[in-house]
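**Q** In terms of the working numbering, the sequence shown opens at residue 82 and continues consecutively. Ideal placement from N, C-alpha and C gives every residue a C-beta, glycine not left out.
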Amino acid sequence: MGSSLPEALPPDVRREGERLFDVSMWCIGRDVSHEGNLLLRRGLAREGIPAGQQGTSAYSGALPGGGALTLWGFGALCRVCGEAVYVPRDGFSPCLLDEARVVWPVFQAAGLGGALREPATSRERQAARAAVVALADWLAGYEEWVVEQAGPGWRHACVAARRKAAPVPVETLAAAWKRLAERVAVVEQPVVDDSFAPVVGV
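1. Over the uninterrupted beta strand (DSSP E) stretch that includes G156, give me the two end residues.
2. Counting only the same chain and skipping the five closest in sequence on each side, list residues whose C-beta sits under 7 Å from that of A212.
3. In terms of residue numbering, what span does the beta strand (DSSP E) encompassing E263 cover?
4. Kindly give me the distance between the Cβ atoms of G142 and L150, rounded to whole angstroms, as I take these residues to be in contact under 8 Å.
5. Taking 7 Å as the threshold (C-beta atoms), are D218 and S131 in contact?
6. If you follow the alpha helix (DSSP H) that G234 is in, where does it begin and where does it stop?
7. Going by other Cβ atoms of all chains shown within 10 Å of its Cβ, with 16 needed for buried, is A221 buried or exposed?
8. Does the Cβ of L90 have 16 or more other Cβ atoms within 10 Å, making it buried, or fewer, making it exposed?
9. In terms of residues, what are the limits of the beta strand (DSSP E) holding W153?
10. In this structure, does DSSP put S141 in helix, strand or coil?
11. What does DSSP give as the partner residues of R111 in its beta bridges?
12. With DSSP as the reference, label L101 as helix, strand or coil.
13. Just how far apart, CA to CA, sit A126 and Y140?
14. Roughly how many whole angstroms lie between the Cα atoms of R122 and R111?
15. Helix, strand or coil, according to DSSP, for P92 in the structure here?
16. For a quick check, are the C-beta atoms of A196 and V214 less than 7 Å apart?
17. Does the beta-carbon of T253 have 16 or more other beta-carbons within 10 angstroms, so that it is buried, or is it exposed?
18. I'd like the span of the beta strand (DSSP E) that includes L193, first residue to last.
19. Identify the continuous alpha helix (DSSP H) that holds R123 and give its terminal residues.
20. May I have the straight-line CA-CA distance separating R210 from L101, to the nearest angstrom?
Dropping the structure here:
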């Protein structure tokens with residue numbers, strides 16, 4: 082979505098997020114085949130693909146701190162700060178979604194395409210970053226939970242089946258998501274220039 086608008090995320094954060102999101106989504110795709118489907122065991126609700134249609138199932142649940150999450154194989158939709166923010170697996174560049182323009186349910190990324198736009202205002206960019214922080218926090222918690230439920234060997238097996246090097250050691254995936262959330266949260270902080278602060282005691 083080429084545009085001259087300011088980006089919600091710095092390029093290096095987007096690149097790191099894309100690498101982490103790709104490996105996490107691969108692993109989540111494997112998790113559905115684990116005994117009892119780990120996403121269902123985590124409390125998400127599944128909307129399966131109707132017969133005759135193509136795409137990926139949608140899994141929906143709650144985000145930490147409020148809000149709602151929908152996961153597909155191609156990305157995630159986070160409803161936070163009064164906005165619906167879509168974070169694609171390819172590119173990891175958060176976009177606002179006009180849900181009224183979407184024909185639900187959706188099982189392919191193309192079903193969202195015409196309803197997406199880049200954040201255009203400071204408030205919208207803040208909402209986009211809040212969605213990324215919430216998603217990263219959820220993924221960090223989920224990865225920790227998966228290790229508790231399935232053991233560390235399961236994640237190693239998932240990454241081995243990917244046949245592509247993970248961006249971080251698999252046992253540090255949860256910590257990597259926490260670090261990303263912290264980096265995005267820092268973007269929210271106003272920059273204070275002490276040179277303009279009033280001089281006290283003069």
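**A** In this structure, then:
1. G156 to V161
2. C159, V161, V166, V168 and P175
3. Careful: E263 lies outside any beta strand (DSSP E), inside the alpha helix (DSSP H) at L254 to V268.
4. 5 Å
5. For the sequence presented, residue 131 should be read as Pro rather than Ser. Result no, Cβ atoms of P131 and D218 do not sit closer than 7 Å.
6. P233 to R243
7. buried
8. buried
9. A149 to W153
10. strand
11. Paired residues: none, contrary to the question.
12. If DSSP states are grouped into helix, strand and coil, L101 belongs with the helices.
13. 5 Å
14. 14 Å
15. helix
16. no
17. exposed
18. First-last for L193: undefined, no H or E at that position.
19. Run containing R123: none; DSSP gives neither H nor E here.
20. 16 Å
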